[in-house]
Structure formats: structure tokens, C-alpha cells
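Notes for the one structure printed next.
There are 2 protein chains.
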Amino acid sequence: MATGTLHVVGVGPGSPDLLTVRAARLIESASVVAYFCREGRKGHARTIAETYITEGTHELRLVYPFTTEIAVEDPDYQRGIQAFYDRSAQQLADMLKQGQDVVVLCEGEPFLYGSAMYLFDRLKEQFATSVVPGIAAMNGCWSQVQLPMTHGDDVLCVIPATLPEADLTRWLQQADAAVIMKIGRNMSKVRNALVQSGRMSDARYVERGTQPDSFSCPFDECGETAPYFSLVLVPGRKGVR
Amino acid sequence: MATGTLHVVGVGPGSPDLLTVRAARLIESASVVAYFCREGRKGHARTIAETYITEGTHELRLVYPFTTEIAVEDPDYQRGIQAFYDRSAQQLADMLKQGQDVVVLCEGEPFLYGSAMYLFDRLKEQFATSVVPGIAAMNGCWSQVQLPMTHGDDVLCVIPATLPEADLTRWLQQADAAVIMKIGRNMSKVRNALVQSGRMSDARYVERGTQPDSFSCPFDECGETAPYFSLVLVPGRKGVR
């Protein structure tokens with residue numbers, strides 16, 4: 001029996017009509033749909049894709065062993081998360097070996113910090129794969145707040161807020177346009193870096209972009225805490241045509 | 242009479258099924274569709290969106306006064322292109338004032354080097370606007386060649402090949418992951434910068450990603466010339482999970 005194909009499918013930033021036509025069709029015709037989620041939760045990628053999942057589709061929930069209980073720097077986190085990705089990949093491999101195609105749903109764009117990459121990395125040698133791009137969170141956010149990002153020769157830097165404050169500051173100083181991802185607990189670091197780099201006045205904060213409870217404001221008006229689904233946009237500096 | 246709404250719609254990198262569901266629906270129901278094109282050509286955005294344009298849709302062609310005949314650095318280029326964007330914006334304004342909604346098609350992602358930004362910039366104060374994100378060329382390309390770009394804390398830099406060689410080299414040295422856009426005539430500069438930054442061995446060249454005549458190879462195996470629709474991907478360097 002032929003083995004199945006692993007489809008890694010980006011479901012975009014939040015709004016169900018921001019999936020691509022290809023992603024929507026693949027999900028609609030999938031016999032198995034897999035996705036990461038937290039214990040007792042529906043799973044964010046699954047919520048976004050919900051309208052496209054048809055009755056009778058087998059759903060494979062990949063439940064994180066922990067989320068924020070352990071710090072990312074803790075060796076236990078690394079060991080625990082790697083073992084989790086190993087187990088999840090094995091679950092998919094078992095289905096693929098039975099000849100089943102598997103669609104893995106991934107928030108935003110799979111190859112830009114997407115967790116589904118860790119499954120792809122583990123399975124790509126052994127199985128046929130396809131990757132369907134998704135609208136990245138940043139694209140969804142800058143479209144929603146109607147903020148053109150790069151004109152002409154602007155360089156865009158996509159920067160994780162998890163970096164040390166000095167690195168954040170340096171990147172913001174150099175970048176023409178910048179997106180700061182993974183804000184979460186790093187708000188005060190991001191604030192300091194925006195001030196030190198002189199980019200605060202142009203920075204826009206966007207929370208849950210394209211989702212129903214979305215919120216946006218100039219960064220210097222936002223609070224001290226941010227949910228996981230938030231980012232900061234700093235538009236480019238070059239002249240417009 | 243109420244004025245119309247300007248919809249700036251990303252049509253993605255090339256494949257018709259990589260438009261979002263929202264973009265497809267907007268184009269299908271549009272009474273006016275506008276797009277940039279070259280004299281005597283169909284227009285690339287129009288070609289991508291073709292399957293979604295219905296009979297009876299009014300098509301407004303915005304024909305570039307020149308494309309590669311004048312160098313971008315030439316003051317005549319700047320004057321000519323600005324006058325062209327002014328005229329194009331005026332054409333859209335005339336339709337919007339008559340109460341017509343206008344859908345402007347834009348290759349890739351409108352706010353990432355998209356020409357439609359120059360219309361948006363001119364019309365946003367005067368008319369209601371909506372912006373629909375598109376799959377950016379880079380997302381389409383890295384998905385097609387199945388190259389995960391950013392793991393963990395990788396910084397991604399999106400760099401126009403039009404920059405001076407020393408700047409290209411410096412950006413490539415600093416970036417964890419990099420995308421070089423706007424290759425065109427800048428191939429030798431890009432090659433030198435990849436060698437000088439030590440990133441050549443990881444660099445992948447992708448031409449017309451997701452389009453029917455797409456082509457990809459390691460950068461050091463590719464030729465001396467590149468079409469406009471080409472880019473270079475340098476994946477991130479950080480450890481995988």
C-alpha cells in the first residue's frame with residue numbers, strides 16, 4: 001500500500017476568509033485533519049479553519065504537554081517540547097504509513113515560526129509532503145490597520161521579542177521597516193527598545209489581528225501586558241513615490 | 242450619492258488557488274477591476290486573478306508609461322512614474338466619486354513593495370478603503386521549495402537587491418534568515434554579497450515561484466540573469482527543536 005501525503009497548511013491570521021482557496025479545498029476534502037492545541041481547548045488553527053472541516057473528517061488533536069508553565073530557557077522545556085514533537089510526528093507517521101493523507105493545520109504561515117515546521121522537519125525525508133502558504137500574521141495585521149510597510153528600497157526586519165533588549169534596540173535602529181513578533185511577556189523590553197531606537201512614535205500595536213476581538217493602537221498608548229497573538233508594526237522610513 | 246470603496250486586493254505570487262477566499266469573492270462580485278500592466282500585455286495581476294473575473298466586469302487598465310527603458314535612479318523616472326501614479330489615482334477617484342466600488346488587483350502582498358500602495362497613499366484620505374492581504378512572493382516561494390525559514394528566535398530580513406553591494410553584504414552577515422527581492426539586473430551584486438557574507442552555500446534561487454513555468458536551484462548553480470519575478474531565500478541558522 002502506498003504511503004499518504006503530509007500536507008502542511010497555513011490557515012492565516014484569524015479570519016476564516018483569509019485562508020487561500022487551495023487551503024480551503026484541501027481541508028474540505030481531507031479525511032484526517034491534525035492540529036496543535038492546549039488541554040481542554042479547541043485549538044486556534046482549528047477554530048480558524050472550522051467552516052472548512054466537513055462532517056466525518058477524523059480530527060487528530062496534538063495536545064501540548066505544557067504551554068507557559070515552564071520557561072522556554074529551562075532545559076526541561078527543551079526536553080519536554082522535543083519529546084512532544086517526536087510523539088506527534090510518530091502519530092502522523094502511523095497514519096501516513098497506513099496510506100492516509102494528513103492535513104496539518106498551522107496558524108498564519110507555516111514556515112515563519114510555525115510549530116508545524118517541527119513536524120515537517122521530522123517527516124519530510126520519509127513521506128511525500130506539500131506545503132500550502134498562509135497569510136502571515138504580520139500581513140493580516142498591517143492590512144487590517146491599513147499601514148503600508150515597505151516602499152522602494154526599504155529593508156524589512158522581522159524580529160522576535162524574545163531577543164535581549166540590546167539586540168532588539170540594535171535591530172530597530174537598523175531596520176527601515178520592522179515587525180516585532182512574540183510579544184507576550186516581553187512588553188517592557190519592547191517598550192524600552194522602541195524608545196532607545198527612536199522608533200516609538202511610529203510603532204503600532206495590533207492584538208488578535210483579523211480576529212473578531214481584534215484591537216489596535218499606537219504602541220505608546222497600549223498597556224503593560226499582551227496576549228500571544230499580538231505584534232508591533234513599525235512602517236518603513238523611505239520616501240514615497 | 243455616496244462615494245464608492247477602494248479595495249486593494251493582493252492576488253498572491255502566481256497560482257490562482259493561492260488567492261484568499263476573501264480576495265476571490267471580492268473579485269467575483271466586483272463591478273470594476275483595475276490593475277497595472279505594460280503596453281500590449283495582459284497584466285500579471287490580471288493573469289493570476291483571471292479565473293475569478295466574471296463577464297460584464299469593467300476592467301480599468303493602468304498602463305505603465307515605461308518599464309525598463311529608464312533607470313530608476315534617473316530623475317526622469319521619478320517624475321514620470323509619479324505623474325503616472327497621479328493620473329491612475331485620478332482615474333480611480335473619478336469612478337469612486339460616481340459611487341462605484343473599485344477593486345485594485347495587486348501581485349503578491351500589497352503593502353510589501355506593492356505598486357498599489359502608491360494608489361492607496363493617494364486616495365486613502367478621500368475615500369473608504371479596504372485592504373485584503375495576499376500571499377507574499379517569498380511565502381509562495383519558500384512553501385513551494387519546502388524550505389522552512391525561521392525557527393525559534395531567528396530574525397528574518399527582507400532585503401531589496403537594489404541596495405549597494407556593501408549594504409547587501411552587511412545585511413546578509415547580520416540576518417539569521419534572509420530573503421533578497423527585486424533581483425532582476427542585480428544578479429552579480431547579489432552573488433558577490435552572498436560570497437562575501439559566507440551565505441552562498443545555503444542560498445536558494447527561485448524564479449516565478451508558484452507559476453506554471455517556475456524554476457528553482459541552489460544559487461551557485463544559477464545563471465547570470467534573472468527575471469523580475471525571482472528571489473533568493475537564505476534559511477535561518479538557529480537550532481531546530
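Protein chains in written order, with the numbering used here: chain E, 1 to 241; chain U, 242 to 482. C-beta: ideal position from N, C-alpha, C; glycine also.
Own chain partners of residue i with C-beta closer than 6 angstroms, once the 5 adjacent residues on each side are dropped
i: E/Leu-112; result: Ala-136
i: U/Leu-409; result: Ala-434
i: U/Ala-264; result: Val-250, Val-373
i: U/Gln-437; result: Thr-410
i: E/Met-181; result: Pro-160, Leu-231
i: U/Cys-463; result: Tyr-446
i: U/Val-475; result: Ala-419, Arg-440, Asp-443, Ala-444
Rounded separation between residue i and residue j - CA only
i: U/Cys-347; j: U/Thr-292; result: 15 angstroms
i: U/Leu-360; j: U/Ala-467; result: 28 angstroms
i: E/Trp-171; j: U/Val-313; result: 28 angstroms
i: E/Lys-97; j: E/Gly-4; result: 6 angstroms
i: E/Thr-129; j: E/Leu-6; result: 5 angstroms
i: U/Ala-330; j: U/Leu-364; result: 7 angstroms
i: E/Ala-116; j: E/Gly-108; result: 11 angstroms
i: E/Ser-15; j: E/Gln-211; result: 6 angstroms
i: E/Asp-101; j: E/Cys-141; result: 32 angstroms
i: E/Asp-220; j: E/Ser-230; result: 15 angstroms
i: E/Val-232; j: E/Val-179; result: 6 angstroms
i: U/Asp-417; j: U/Thr-391; result: 8 angstroms
i: E/Gly-40; j: E/Glu-69; result: 16 angstroms
i: U/Val-386; j: U/Met-242; result: 50 angstroms
i: U/Ala-290; j: U/Leu-260; result: 8 angstroms
i: U/Ile-322; j: U/Gly-284; result: 17 angstroms
i: U/Ser-457; j: E/Gly-99; result: 29 angstroms
i: U/Asp-454; j: E/Pro-218; result: 43 angstroms
i: U/Ala-286; j: E/Gly-12; result: 21 angstroms
i: U/Gln-319; j: E/Gly-152; result: 11 angstroms
i: E/Gln-126; j: E/Asp-74; result: 31 angstroms
i: E/Tyr-228; j: E/Pro-164; result: 18 angstroms
i: U/Ser-384; j: E/Glu-55; result: 28 angstroms
i: E/Arg-38; j: E/Ile-183; result: 19 angstroms
Which of helix, strand or coil DSSP assigns to residue i
i: U/Cys-463; result: coil
i: U/Tyr-318; result: helix
i: E/Ala-128; result: strand
i: U/Met-422; result: strand
i: E/Arg-41; result: coil
i: U/Ala-407; result: helix
i: E/Thr-5; result: strand
i: U/Phe-456; result: strand
i: U/Thr-298; result: coil
i: U/Arg-445; result: strand
i: E/Val-104; result: strand
i: U/Ser-471; result: strand
i: U/Gly-568; result: Since the first residue shown for chain U is 242 and the last is 482, residue 568 of chain U is missing from the structure and cannot be characterised.
i: U/Ala-378; result: helix
i: E/Phe-36; result: strand
i: U/Leu-260; result: coil
i: U/Val-431; result: helix
i: E/Leu-147; result: coil
Nearest candidate by alpha-carbon position, reference residue i, set the options
i: E/Gly-114; options: U/Asp-395, U/Val-431, U/Asp-443, U/Gln-415; result: U/Asp-395
i: U/Gln-415; options: U/Gly-477, U/Asn-427, U/Val-386, U/Met-390; result: U/Gly-477
i: E/Phe-84; options: E/Pro-75, E/Asp-94, E/Val-63, E/Thr-162; result: E/Val-63
i: U/Met-379; options: U/Glu-465, U/Arg-449, U/Ala-271, U/Asn-427; result: U/Arg-449
i: U/Ala-402; options: U/Arg-426, U/Ser-455, U/Ala-286; result: U/Arg-426
i: E/Pro-148; options: E/Glu-165, E/Leu-163, E/Arg-204; result: E/Arg-204
i: E/Ile-27; options: E/Ile-53, E/Gly-12, E/Val-21; result: E/Ile-53
i: U/Val-273; options: U/Gln-319, U/Met-336, U/Arg-266; result: U/Met-336
i: U/Lys-430; options: U/Arg-328, U/Glu-465, U/Pro-316, U/Gln-319; result: U/Glu-465
i: U/Ala-407; options: U/Arg-432, U/Gly-393, U/Lys-423, U/Met-422; result: U/Arg-432
i: U/Pro-306; options: U/Arg-440, U/Leu-404, U/Phe-368, U/Phe-277; result: U/Phe-277
Same chain, Cβ closer than 8 angstroms to residue i, five either side skipped, listed in chain order
i: U/Leu-333; result: Leu-247, Ala-275, Leu-301, Val-343, Val-345, Leu-360, Leu-364
i: U/Asp-327; result: Arg-363
Proximity test, residue i beta-carbon vs the ligand ADP heavy atom, cut-off 7 angstroms
i: U/Glu-296; result: The ligand ADP is absent from the structure shown, which contains no ligand whatsoever.
Rounded Cβ spacing between residue i and residue j (contact assumed at less than 8 angstroms)
i: E/Val-206; j: U/Leu-397; result: At roughly 18 angstroms, the Cβ-Cβ gap does not stay under 8 angstroms, so E/Val-206 and U/Leu-397 are not in contact.
i: E/Thr-57; j: E/Ala-30; result: 6 angstroms
i: E/Val-21; j: U/Asp-258; result: 4 angstroms
Contacts around residue i, its chain only, beta-carbon distance under 7 angstroms, and the 5 residues preceding and following it disregarded
i: U/Pro-351; result: Val-249, Gly-251, Ala-357, Met-358, Val-372, Gly-375
i: U/Met-428; result: Glu-465, Thr-466, Ala-467
i: E/Arg-243; result: Residue 243 of chain E lies beyond the residue range present for chain E, which begins at 1 and ends at 241; the question has no answer from this structure.
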